[in-house]
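Residues are numbered in the working numbering as their position in the sequence shown, beginning at 1, plus a constant of 4. A virtual CB, placed ideally from N, CA and C, is assigned to each residue, including glycine. Since the structure is predicted, the reported quantities are computational estimates derived from the model, not experimental observations. Input: a single structure, listed below in structure tokens.
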Amino acid sequence: MNRVANYKHYVERGWLNRTLYYIHMYFLKPMIKYWTLSFK
Numbered sequence: 005m006n007r008v009a010n011y012k013h014y015v016e017r018g019w020l021n022r023t024l025y026y027i028h029m030y031f032l033k034p035m036i037k038y039w040t041l042s043f044k
């Protein structure tokens with residue numbers, strides 16, 4: 005029972021980390037690049 009709960013928690017945390025990573029890679033990074041280019 006405890007192992008299942010730990011596994012479920014790990015999967016949920018991994019999903020959250022993946023989501024934040026994709027938001028960072030495909031949204032924040034291009035925006036930062038755009039802002040730095042437009043203000044040079």
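For residue j and residue i, the rounded distance between their alpha carbons
| i | j | result |
| --- | --- | --- |
| V15 | K44 | 42 angstroms |
| K37 | L20 | 24 angstroms |
| Y25 | R17 | 12 angstroms |
| Y11 | T23 | 18 angstroms |
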